[in-house]
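Take a look at the structure below.
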Amino acid sequence: MISDGALWLEIVQDCILSVHTYDEATAEKMLSKIYDVYSPLFLQL
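With positions in the sequence shown counted from 1, the corresponding number in the numbering used here is that position plus 271.
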């Protein structure tokens, strides 16, 4: 069961924004967010 719907929607929004990201700083921020925030959500499934 999905416990935090707002955070899952944030994942979708970040995915859309990051598809054409060519700025290294933005890519690094996204990578950090994936490891720190989004990965644990997937592990909870």
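Ideal Cβ placement from N, Cα and C applies to all residues, glycine included.
About 5 Å separates the CB atoms of S289 and M301; that is less than 8 Å, so the two are in contact. For the 8 Å CB-CB criterion, L312 and L280 do not form a contact. When DSSP states are grouped into helix, strand and coil, Y306 belongs to the helix group. The beta carbon of T292 lies closer than 6 Å to those of A298 in the same chain, with the five residues before and after it left out.
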